[in-house]
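When we follow the numbering used here, the leftmost residue of the sequence shown carries the number 2, and every step to the right adds one.
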Amino acid sequence: MGIKSVLFIRRDNIGDLVCTTAAIRALRLKRPELKVGAVVNTYNAEVVRDNPDIDEVFVYEKGKHSSGKGRLRVFADNLGLLLRVRASRYDVAIGCGYAYSARLARYTFLTGAGMRIGFAPPGRSGRGILYNRPVPEPPTPMHEVEAMMRLVAPLGVMGPPPGIFMRPDAGEVERARTYLSRAGLKGNERLVAFHISSRKAVNRWPKERFRELGDMIGAEFPDVRILLLWSPGNSDNPLHPGDDDKAEWIMSTMKERPIAFRTKSLAELCAALSLASLVVCCDGGAMHLSAALGKPVLTVWGSTDRRRWAPWGVEHVILQKETHEAHSVHAREAFEALKLLAASREESST
């Protein structure tokens, strides 16, 4: 019997799922007749909202993302989700992760799919119970987009990856436009988005650097407004630490007050990023969302491996020092890089 349906399982962070959309699109282009599903989580699900390459989305909730439900309720809900996945009877399940994960392999097995694809454990390449179509792990570091393409190769999908994909919600985009207009954005002004948050401390650019860069932009480019974005919440929140305090400090100290947008959902963040001409950020989900939206990206990095996580498919500049600490990058360096990136953008559009 031929393959009629394929399920992608991507249960981790925003950027990981964004980078997987290229493999999903490649499969759709090669095999448009297949039913394509995806298992994602409540944290990253907005990435695949209205994705034309996906027919069915299953959303589960991690315990650390739950809203006071309790472990037993979360377990019950996720068990029900798995039963619905099994009832859908997918022919193929792909465990999407750059390296072998026993937990991911078990989940892929539990979907009930006849063909189960995923990266094999180190030192093993033969078929096993969990993955019966294992793929060798990349021998050397490669971009996440390219690594995910390896997982669709057993289905006959090969060649250069297509672009990553993200479609912002039209209603959220219109609401973001209204918000910016009420905040004083004029029709002739360009937006440069600053997303100031990053999950890892070593990748966080200091608030003082963002302030300095904003002041430099304001002094030289009077037709540019800064759109300030961040992960909402208090920095001491153990589950979802945020940067409300950092954002408030930048707003109160920047010479030209930026437009601050405290996005409460991933949908709002995507809408706001879609309206920017250029994005300045640290390594993280916002960087990959910006790339998926086709935005030029200036990103300040700490310890991230650029071979795996560089912004895919867009003009970008990565500022990273040998110290592998984001705070080692100075605002003046970022400003000069931003000017070059903006000039390149203008040349390519003329």
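Idealized CB from N, CA, C, for every residue including glycine. These numbers come from a predicted model, not from an experiment.
Spatially closest choice to residue i from the options, by CA coordinates
| i | options | result |
| --- | --- | --- |
| Leu-80 | Ser-6, Ile-95, Glu-62 and Asp-92 | Glu-62 |
| Pro-135 | Ile-218, Val-93, Glu-175 and Phe-195 | Val-93 |
| Arg-200 | Ser-232, Asp-56 and Ala-103 | Ser-232 |
| His-328 | Ala-338, Pro-223, Ala-202 and Ala-88 | Ala-202 |
| Phe-336 | Arg-212, Arg-50 and Arg-308 | Arg-212 |
| Ala-292 | Asp-237, Leu-18 and Ala-338 | Leu-18 |
| Glu-269 | Pro-122, Asn-52 and Leu-230 | Leu-230 |
| Leu-228 | Val-7, Gly-215 and Ser-236 | Gly-215 |
| Asn-133 | Met-143, His-144, Gly-113 and Thr-141 | Gly-113 |
| Ser-89 | Gly-96, Arg-125, Asp-51 and Lys-36 | Lys-36 |
| Pro-142 | Arg-26, Thr-305, Ser-345 and Arg-346 | Thr-305 |
| Val-75 | Thr-43, Glu-190 and Ala-277 | Thr-43 |
| Phe-262 | Arg-346, Leu-84 and Leu-192 | Leu-192 |
| Ala-171 | Tyr-99, Pro-312 and Asp-51 | Asp-51 |
| Val-330 | Glu-257, Glu-209, Ala-39 and Lys-256 | Glu-209 |
| Asp-1 | Ile-197, Lys-187 and Pro-207 | Past the edges of the chain, shown from 2 to 351, lies residue 1, and the structure says nothing about it. |
| Gly-38 | Pro-259, Arg-85, Arg-72 and Glu-145 | Arg-85 |
| Phe-110 | Val-298, Arg-226, Glu-190 and Leu-83 | Leu-83 |
| Met-255 | Arg-117, Phe-195, Asn-189 and Arg-26 | Phe-195 |
| Leu-267 | Ala-24, Asn-45, Glu-326 and Glu-257 | Asn-45 |
| Glu-326 | Glu-257, Val-298, Pro-207 and Leu-294 | Pro-207 |
| Val-60 | Met-116, Val-40 and Glu-190 | Val-40 |
| Pro-259 | Ala-287, Ala-154, Arg-226 and Ala-332 | Arg-226 |
| Pro-352 | Arg-128, Glu-190, Ile-95 and Gly-124 | The structure shown has nothing for residue 352, since the chain only spans 2 to 351. |
| Glu-147 | Trp-310, Gly-115, Leu-73 and Ala-332 | Trp-310 |
| Ala-154 | Ala-24, Leu-299, Leu-8 and Leu-294 | Ala-24 |
| Gly-295 | Gly-303, Arg-307, Ser-6 and Pro-312 | Pro-312 |
| Gly-115 | Ser-6, Arg-12, Met-288 and Asn-189 | Ser-6 |
Presumed contact (8 angstroms Cβ cut-off) between residue i and residue j, rounded CB distance
| i | j | result |
| --- | --- | --- |
| Ile-15 | Leu-290 | 7 angstroms |
| Leu-131 | Ile-10 | That belief does not hold up - the Cβ atoms of Leu-131 and Ile-10 are roughly 12 angstroms apart, past 8 angstroms. |
| Cys-283 | Asn-204 | 5 angstroms |
| Met-149 | Val-48 | The Cβ separation is near 14 angstroms, so there is no contact. |
| Val-281 | Leu-339 | 7 angstroms |
| Tyr-108 | Pro-122 | Actually they do not touch by this definition, with Cβ atoms about 15 angstroms apart. |
| Leu-156 | Cys-97 | With 8 angstroms as the limit, Leu-156 and Cys-97 do not qualify as a contact, their Cβ atoms being about 13 angstroms apart. |
| Leu-342 | Leu-279 | 7 angstroms |
| Gly-243 | Ser-253 | Wrong, their Cβ atoms sit about 17 angstroms apart, outside the cutoff. |
| Ile-165 | Thr-324 | The pair is not a contact, with the Cβ atoms about 30 angstroms apart (cut-off 8 angstroms). |
| Phe-120 | Glu-145 | About 12 angstroms; that fails the 8 angstroms criterion. |
| Gly-285 | Ser-345 | So it is not a contact: roughly 23 angstroms between Cβ atoms. |
Run of the beta strand (DSSP E) containing residue i, from where it starts to where it stops
| i | result |
| --- | --- |
| Val-318 | 317-320 |
| Phe-195 | 191-196 |
| Asn-52 | It is not in any beta strand (DSSP E) - Asn-52 carries neither H nor E in the DSSP assignment. |
| Ile-227 | 225-230 |
| Lys-36 | 36-42 |
| Ile-10 | 6-10 |
| Met-116 | 116-120 |
| Leu-279 | 279-283 |
| Thr-57 | It should be pointed out that residue 57 corresponds to Glu in this sequence rather than to Thr. 57-61 is the extent of the beta strand (DSSP E) around Glu-57. |
First through last residue of the alpha helix (DSSP H) which encompasses residue i
| i | result |
| --- | --- |
| Pro-219 | Reading off the sequence, residue 219 comes out as Gly, not Pro. Segment 208-221, the alpha helix (DSSP H) holding Gly-219. |
| Ala-103 | 103-111 |
| Arg-87 | 72-88 |
| Gly-185 | Unbroken run through Gly-185: none, as it is neither H nor E. |
| Ile-95 | Where Ile-95 is concerned, there is no enclosing alpha helix (DSSP H), although the beta strand (DSSP E) it sits in stretches over 93-96. |
| Leu-276 | Taken as a continuous stretch (DSSP letters only), Leu-276 belongs to no alpha helix (DSSP H), as it is neither H nor E. |
Original post:
Is the segment 149-162 touching the segment 30-39 in the sense that three or more CB pairs, one from each, lie closer than 8 angstroms?
Top reply: yes
Original post:
At a cut of 8 angstroms, does the segment 317-330 reach the segment 246-253 through at least three beta carbon pairs?
Top reply: no
Original post:
Any chance the segment 210-221 sits against the segment 171-182, with 3 or more Cβ pairs inside 8 angstroms?
Top reply: no
**OP:** Report yes or no: do the segment 181-196 and the segment 48-56 share at least 3 C-beta pairs separated by less than 8 angstroms?
**Re:** no
Original post:
Which ranges does the alpha helix (DSSP H) cover as unbroken runs of at least 4 residues, wholly within the segment 137-177, from first to last along the chain?
Top reply: 145-153
Original post:
What alpha helix (DSSP H) runs, 4 residues minimum, are completely inside the segment 287-328?
Top reply: 307-310
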